[in-house]
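Let me begin by presenting the structure, written as structure tokens, before commenting on it.
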Amino acid sequence: MYRPNDDYLKLPGSYLFSTIAKKVNAYQAANPDKKIIRLGIGDVTQPLCPAVIDALHKAVDEQADPSTFRGYAPDLGYEFLRKAVAENDFRARGCNIADDEIFISDGAKSDSANIQEIFDKNSKIAVCDPVYPVYVDSNVMAGRCGDYDQATGIWSNVIYMPCTAENGFAPELPKETPDLIYLCFPNNPTGAAVTKDQLQVWVDYANKVGAVIIFDAAYEAYISEDNIPHSIFECEGARTCAIELRSFSKNAGFTGLRLGATIIPHDLKVTVDGKEVELHSLWARRHGTKYNGAPYIVQRAGEACYSDAGKTQIKEMVAKYMKNATFILNGLKGAGYEAFGGVNSPYVWLRTPGDMTSWEFFDHLLENANVVGTPGSGFGPSGEHYFRLTAFGSYENSVEALERIKAL
Ligand code: PLP
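Final position of the sequence shown in the numbering used here is 518; the numbers increase by one with none missing.
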């Protein structure tokens, strides 16, 4: 008789977004005349920019012609895109990354979930709390996280690094030594960023203890301040301790198209049984076995993001979202809320008023302002008493939502 994977059975249900949807639908059904504004979404709303659309059309036409038709893409990505990523996202910023250290994929979610496969089953992971849930859940599926405590929302074999207003939403070095450290800056959900000096501390620590940092840079395009690193490879020594995840979703709106890149330097290696092993080779092996490459037309669309027109148009898209973020952040502060993020990030993170729980504030906002956000407790225990609003809606809706919140 077959038996399912016990590690999957340990996973608690993912109730956050389904509970939100249920509550919003029930409220709308009972109040059909109310206009609900959704500032809870993490998905983009602006269409793809003209440079990307042109590249897609052109690549589709190539697929119709026998002389330019492309079948399976190379496992690790087309050279034209690997070069464009390495050149524009890394070498142009002074980071020493070679084209062949770029692995093209269908997005940062799958890579952030799959990367743990190339590490030992007994590796201990450290995560920020609150956190993008994929890092922990994928390690639970791999049998690394121990047991889940329903009451506290904590896994017995995970090192949690609380990120709250008290520490500026920047994790402190853990007391217990981890093998894998997941960092995401600018952060989802807190919207916080770390300076280059702060990130350097982590790189030095990882090199000292022999840990690997998995650095999620999905929100890099939203950085507006000068001293915030766009890549962990801006830090000295990161080539021997870091893997970086990149996404085309939040900068260029590829959430539906799907494209990402993972960067593994050749210097990231460890000696096993007297033999040097490069993590780059293991990920290449994994890609070759389990992945058949991102579609040609999507990789051409990705390449177009780095054309002059593409760069300008993407900057304009990001600026539109950031205009919302600034408006939401300042509006909340003006209304007396303690609000964070929103400067280098499309996320604004606020402390719930009057010691309300995250869910109490969710209900309060839904019922009295008809505005939907995301309860911070859904991202981890340290997210309790916080709440996330996103800048991915329209400017008009952001303004109206803030007017309603101010009137509460
Ligand atoms: N990483 C973080 C921190 C995210 O918040 C998200 C999406 O919300 C992703 C990765 C997923 O990116 P992609 O669309 O490239 O899979």
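For glycine and all other residues, C-beta sits at the position ideal for the given N, C-alpha and C.
Legend entry - According to DSSP, residues forming a beta bridge with Met271: Locating residue 271 in the sequence shown gives position 161, where the first residue counts as 1. DSSP lists Cys238 as the bridge partner or partners of Met271.
Legend entry - Spatial neighbours of Lys520 in its chain, beta-carbon cut-off 8 Å, leaving aside the 5 residues before and after: Outside the shown range of the chain (111 to 518) lies residue 520, about which nothing can therefore be said.
Inset, instruction - Would you identify the three-state DSSP class for Pro485, choosing helix, strand or coil? - result: Here residue 485 refers to the residue found at position 375 of the sequence shown. In this structure, Pro485 counts as strand in the three-state DSSP scheme.
Inset, instruction - List in chain order the residues whose CB is within less than 6 Å of at least one heavy atom of the ligand PLP. - result: Here the residues come out as Gly152, Gly217, Ala218, Lys219, Ser222, Tyr242, Cys294, Asn298, Asp326, Ala328, Ser357, Ser359, Thr365, Gly370.
Legend entry - Arg356 (DSSP reduced to helix, strand or coil): Translated into the one-based positions of the sequence shown, residue 356 becomes position 246. Of the three classes helix, strand and coil, the one that applies to Arg356 here is strand, per DSSP.
Inset, instruction - Flag this pair as yes or no: are the beta carbons of Ala328 and Leu355 separated by less than 9 Å? - result: Indexing the sequence shown from 1 puts residue 328 at position 218. Indexing the sequence shown from 1 puts residue 355 at position 245. Yes, these two residues count as a Cβ contact at 9 Å.
Inset, instruction - Determine the DSSP secondary structure at Tyr371, reduced to helix, strand or coil. - result: One-based indexing of the sequence shown puts residue 371 at position 261. Sequence check: residue 371 is Ala here, not Tyr. Here Ala371 sits in strand by DSSP.
Inset, instruction - Reducing DSSP to helix, strand and coil, say where Ile130 ends up. - result: As a position in the sequence shown, residue 130 is number 20, starting the count at 1. Of the three classes helix, strand and coil, the one that applies to Ile130 here is helix, per DSSP.
Inset, instruction - Buried or exposed for Lys234, please, with buried defined as at least 16 other CB atoms from any protein chain shown within 10 angstroms of its CB. - result: Here residue 234 refers to the residue found at position 124 of the sequence shown. Burial check for Lys234: the Cβ neighbour count within 10 Å reaches 16 or more, so the residue is buried.
Legend entry - Lys400 burial status per 10 Å Cβ neighbour count (16 or more: buried): For the purposes of this step, residue 400 is taken as residue 290 along the sequence shown, with counting starting at 1. Counting the other CB atoms within 10 Å of its CB gives Lys400 a total below 16, which places it among the exposed residues.
Inset, instruction - From the DSSP output, in three-state form, read off Gly451 for me. - result: As a position in the sequence shown, residue 451 is number 341, starting the count at 1. In the three-state reduction of the DSSP assignment, Gly451 falls in the strand class.
Legend entry - Lys400: first and last residue of the uninterrupted alpha helix (DSSP H) it sits in: For the purposes of this step, residue 400 is taken as the residue at position 290 of the sequence shown. Following the DSSP letters along the chain, one finds Lys400 inside the alpha helix (DSSP H) bounded by residues 389 to 400.
Inset, instruction - Just mark Ala326 as buried or exposed, buried being the case when its beta carbon has 16 or more other beta carbons within 10 Å. - result: As a working mapping, residue 326 is identified with position 216 in the sequence shown. The identity of residue 326 in the sequence shown is Asp, whereas the question assumes Ala. Per the 10 Å Cβ criterion, buried.
Inset, instruction - Sort out for me which residues DSSP pairs Thr381 with in a bridge. - result: Here residue 381 is taken as the residue at index 271 of the sequence shown, counted from 1. DSSP lists Glu386 as the beta-bridge partner residues of Thr381.
Legend entry - the stretch 286 to 302 touching the stretch 448 to 462, judged by at least three CB pairs closer than 8 Å: The stretch 286 to 302, when compared against the stretch 448 to 462, does touch it at the 8 Å Cβ threshold.
Inset, instruction - Taking Val482 as the reference, give the member of Ile212, Lys133, Tyr112 with the closest Cα. - result: As a working mapping, residue 482 is identified with position 372 in the sequence shown. Per the C-alpha coordinates, the member of Ile212, Lys133, Tyr112 positioned closest to Val482 is Lys133.
Inset, instruction - Inspect the CB distances between the stretch 444 to 451 and the stretch 189 to 198 and report whether three or more fall short of 8 Å. - result: A contact between stretches requires three or more CB pairs, one per stretch, nearer than 8 Å, and the stretch 444 to 451 fails this requirement with the stretch 189 to 198.
Inset, instruction - Answer with buried or exposed for Tyr182, where buried requires no fewer than 16 other C-beta atoms within 10 angstroms of its C-beta. - result: Position 72 of the sequence shown holds residue 182. By the neighbour-count definition (other C-beta atoms within 10 Å, threshold 16), Tyr182 is an exposed residue.
Inset, instruction - Sort out for me which residues DSSP pairs Leu460 with in a bridge. - result: The sequence position of residue 460 within the sequence shown is 350, counting from 1. In DSSP, Leu460 forms a bridge with Ala449, Phe497.
Inset, instruction - Report the three-state DSSP secondary structure of Tyr112 (helix, strand or coil). - result: Indexing the sequence shown from 1 puts residue 112 at position 2. If DSSP states are grouped into helix, strand and coil, Tyr112 belongs with coil.
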